[in-house]
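Enquirer: Below is the structure I would like to discuss, written out as structure tokens.
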Amino acid sequence: MDRKFSNETKVVITMARDIAIDLGSELISTIHFYLANCKLEGYFNPKEFLFQSEEEFEQFYESLRIINPNIINNDNISLTLEAEETIRQSLKLKKEIKSDLVQPTHI
111 MDRKFSNETK VVITMARDIA IDLGSELIST IHFYLANCKL EGYFNPKEFL
161 FQSEEEFEQF YESLRIINPN IINNDNISLT LEAEETIRQS LKLKKEIKSD
211 LVQPTHI
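In terms of the numbering used here, the sequence shown opens at residue 111 and continues consecutively.
Below, the structure is given as structure tokens:
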């Protein structure tokens, strides 16, 4: 993975995991990638186009929170099948557009 993904994309993937855990999800899904992209600083940020304010974004974020007492071990949180496919498609897109690395906007 290290050679195919930009540093920013690695941050998005790590943040997606942290967000999934924070929201009480048992799996990392595409919504977690989306939220991570919205929280990424210093890069194209879709939050600016989709939410009128930081408060609106935070309300959306909090609306996704699940109180899930079944989550015991956060070390082994997995991707949903949809999220795995998103990663595969981002690698295909990288090739199609002749990019050296997968960027956050490809996810």
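Backbone N, C-alpha and C fix where the C-beta goes; we use that ideal spot for every residue, glycine too.
Since the model is a prediction, treat every value here as computed from it, not as a measurement.
Taking just the CA atoms, how far does residue 210 sit from residue 148?
Expert: It is roughly 23 Å from the alpha-carbon of residue 148 to the alpha-carbon of residue 210.
Enquirer: How many angstroms separate the CA atom of residue 131 from the CA atom of residue 216?
Expert: If you take the alpha carbons of residue 131 and residue 216, they lie about 23 Å apart.
Enquirer: Give the secondary structure of residue 138 by DSSP, where H, G and I count as helix, E and B as strand, and everything else as coil.
Expert: strand
Enquirer: Use the C-beta contact count for residue 119: other C-beta atoms within 10 angstroms, 16 or more gives buried, fewer gives exposed.
Expert: buried
Enquirer: Taking only three categories from DSSP, how would you classify residue 115?
Expert: If DSSP states are grouped into helix, strand and coil, residue 115 belongs with the strands.
Enquirer: Residue 209 by DSSP, collapsed to three states: which one?
Expert: coil
Enquirer: Here's the rule I'm using: 16 or more other beta-carbon atoms within 10 Å means buried, otherwise exposed. How should residue 135 be labelled?
Expert: buried
Enquirer: Taking the continuous alpha helix (DSSP H) assigned at residue 174, which residues delimit it?
Expert: Element bounds for residue 174: n/a, residue is neither H nor E.
Enquirer: Could you tell me the distance, in whole angstroms, from the CA atom of residue 171 to the CA atom of residue 205?
Expert: 32 Å
Enquirer: If I measure Cβ to Cβ from residue 157 and keep anything under 7 Å in the same chain, skipping five residues before and after, which residues do I get?
Expert: Within the same chain, residue 157 has close Cβ partners 148 and 167.
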